[in-house]
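Engineer: Pasting in a structure now, in structure tokens, and then I'll have a few things to ask.
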Amino acid sequence: MEPVFDCWEVLDLPARSDERSIKRQYARLLKVRRPDEDPVAFQQLREAYEQALQILREGRDEVDRVATDITARPVAQHRPHPSLTPTRSLHEQAVELLSGFDDQAVDRYWTEASARGCNAEFERLLFQRCVDDPQTHESLLTWGLEQRQWLTPWQQIPASEFHQQQLTLALTAALYRKLDHLLASGEQELFLDCLEHHSRQPWLGDFARRQALQVQVLNLFLNTEDWSEQLFQRVCQLFAWDVEAAVVPIAEDQWQALRRRCEQQAWLGELRSLMQQRQQHPSARANAAALFLLSTQPAQQAELAQGFVEADWQACEQLAQAFATRFPDLTGMFPNHDPWFWKALIGHKDPPYGVKRAACVLTIALALNNLGGSGLVVLLMLPLYALGGWLAAQVGKWLLSHWTTLTENLYDLDLRASEWFVRHKLTADRRYLVIRNGGPLLALALVIWNWLGVLGLATYVITGVIGLLQPASAVPTDRQYRWRKPLQAIYRIAGLSRLQWLFCLSMVLVIGYVQLHMPGTLLTQGRLR
């Protein structure tokens with residue numbers, strides 16, 4: 205009987221206490237006698253608890269066995285007393301199961317522990333194993349969280365606050381490392397699946413733990429550069445951050461910074477989509493997007509810019525304005541943080557067939573200037589006039605090389621002036637630099653005015669104005685020509701529309717008539733003569 209009194213003394217209870225009192229007292233003493241602080245006292249408490257429960261069970265069965273014992277007593281007195289074998293405690297049985305335990309076969313071990321009746325003690329030992337080394341027993345910890353509701357109000361085994369916090373920190377650290385790896389490696393779908401899976405687990409239903417998880421996720425977005433706007437929006441939906449009255453557990457300036465980065469990622473995603481679809485759906489905006497996104501590949505940029513037309517440069521201007529005003533944080537992706545870097549790629553474009561056109565104009569002007577004599581002499585002198593026009597054009601080409609060198613110092617001013625002319629639809633392409641190309645045109649106008657006076661200058665100027673006002677489709681396409689078809693070659697070299705041809709031929713006839721019938725008039729005589 206001594207062990208009986210010993211168990212009641214250890215539990216600090218009167219003998220024959222009811223089962224509810226025993227369990228309540230045991231739970232109270234577990235908070236004082238912890239296995240990590242005093243394993244001997246803990247083991248003694250555990251054995252006393254089991255003995256007390258065993259005594260209660262024997263007491264219930266004793267009443268049922270009274271009648272049987274009385275009738276069977278005479279027979280039993282003549283039987284030899286069986287040898288008594290000691291029974292192992294529930295703790296010892298749980299420890300025995302744990303000796304060959306395999307984390308992957310936890311369900312099988314749990315079934316066996318339940319059959320032996322030591323499942324509570326076995327679960328407590330499993331919990332302690334996870335607390336001691338959570339990284340090694342990750343699968344066991346997952347089983348405990350999902351099957352036994354560890355770290356929740358429904359946990360059936362007693363656990364100290366310290367052990368619960370220790371296990372929670374290990375879980376959150378492991379989850380943070382996993383999410384960090386997935387986001388850094390660009391596995392955004394796996395990142396979202398992992399986050400959704402863990403956010404549904406009961407142990408994260410606690411407000412403080414869930415808020416800590418949200419803070420970790422927000423820090424991941426703050427510390428990671430490359431993530432999509434779609435991912436951020438789906439995470440906001442998961443944590444209900446997309447509602448107007450949402451409370452986000454970070455500072456307001458950090459949240460606004462994330463919102464701006466989300467807009468930036470959406471903007472970059474749109475540009476990348478345009479770039480990828482440029483071959484299937486070509487457009488000026490797609491070309492500009494490709495030029496901006498190739499900022500780290502200058503050789504490809506230069507090659508791409510060579511085929512740009514004015515619509516492409518206007519799209520570049522719009523993108524640069526958007527980067528400078530709406531997304532200044534993204535300008536670091538451009539050389540010298542300058543979203544207008546593309547202006548250096550514009551270059552210049554000289555008018556096609558400049559020397560040939562100048563030679564033709566000078567030849568016609570020279571012939572009309574000398575039309576006052578005999579018509580036969582003019583016809584005989586046409587080859588010489590053509591030679592004179594060609595030589596004058598070559599001299600102009602030589603002078604143009606010096607003019608080009610001079611205007612290089614005015615490139616920025618020339619580029620701004622060209623942009624202004626394009627913006628006001630005075631020219632069709634900013635690569636036709638106004639100052640660089642305007643100088644030779646003014647020089648040619650001065651020669652025409654000197655040889656043919658006001659009528660010649662008016663013909664030259666009005667023909668140019670018609671070219672500015674007419675649609676681009678009115679001008680012949682710049683294609684290869686062959687002199688075997690001289691009319692076609694002249695038509696393509698001149699680059700004049702039908703209206704310009706009609707006006708020029710009419711003015712040539714008018715000037716010829718004035719030269720023949722009104723020689724010496726101011727209409728065809730320049731002031732420099």
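When you line the sequence shown up against our numbering, it's residues 205 to 733, in that order. Where a beta carbon is used, it is the ideal one built from N, C-alpha and C, also for glycine.
#1: How big is the Cα-Cα spacing for Leu672 and Trp624?
#2: Since Leu435 and Gln392 should fall inside the 8 angstroms C-beta cutoff, what is the C-beta to C-beta distance between them, to a whole number of angstroms?
#3: Check each candidate in Thr535, Ser318, Arg328, Gln370 and name the one with the smallest Cα separation from Pro338.
#4: Beta-carbon within less than 8 angstroms of Leu614's beta-carbon, same chain only, minus the 5 sequence neighbours each way: which residues are those?
#5: Under a Cβ-count criterion, where at least 16 other Cβ atoms within 10 Å of its own Cβ denotes burial, should His541 be classed as buried or exposed?
#6: From Leu442, Pro680, Val626, pick the residue whose C-alpha is nearest to that of Ala515; which is it?
#7: To the nearest angstrom, how far is the alpha carbon of Ala231 from that of Gly304?
#8: Check whether the Cβ of Gln405 lies closer than 6 angstroms to any heavy atom of the ligand ATP, and answer yes or no.
#9: Thinking C-beta only, is Gly657 closer than 7 angstroms to Gln598?
#10: For the structure I just gave you, are there three or more beta carbon pairs, one from the region 461-477 and one from the region 502-509, closer than 8 angstroms?
#11: Check whether the region 357-377 and the region 326-345 touch, using three or more Cβ-Cβ pairs below 8 angstroms as the test.
#12: Would you call the CB atoms of Leu566 and Gly716 closer than 7 angstroms?
#13: By the 10 Å Cβ neighbour count, where 16 or more other Cβ atoms means buried, how is Trp212 classified, buried or exposed?
#14: Going by beta-carbon coordinates alone, are Ala562 and Gly600 separated by less than 7 angstroms?
#15: If you count every other CB in all the chains shown that lies within 10 Å of the CB of Asp427, and 16 or more means buried, which is it?
#16: Where do the ends of the alpha helix (DSSP H) carrying Val299 lie?
#17: Hey, how far is the Cα of Leu549 from the Cα of Ala519?
#18: Could you say which of Phe527, Ala490, Ala526, Gln525 lies nearest to Ala509 if we only look at CA atoms?
#19: In terms of residue numbering, what span does the alpha helix (DSSP H) encompassing Thr376 cover?
#20: Would you report the Cα separation of Glu456 and Phe331, rounded to the nearest angstrom?
#21: Below 7 angstroms between beta carbons: does that hold for Ala245 and Ile226?
Structural biologist: Taking the geometry as given:
#1: 15 angstroms
#2: 5 angstroms
#3: Gln370
#4: Ile639
#5: exposed
#6: Val626
#7: 29 angstroms
#8: In the structure on display, the ligand ATP does not appear, and there are no ligands present to speak of.
#9: no
#10: no
#11: yes
#12: no
#13: buried
#14: yes
#15: Reading off the sequence shown, one finds Asn at residue 427, where the question assumed Asp. Exposed, by the Cβ-count rule.
#16: 294-303
#17: 14 angstroms
#18: Ala490
#19: 365-388
#20: 40 angstroms
#21: no
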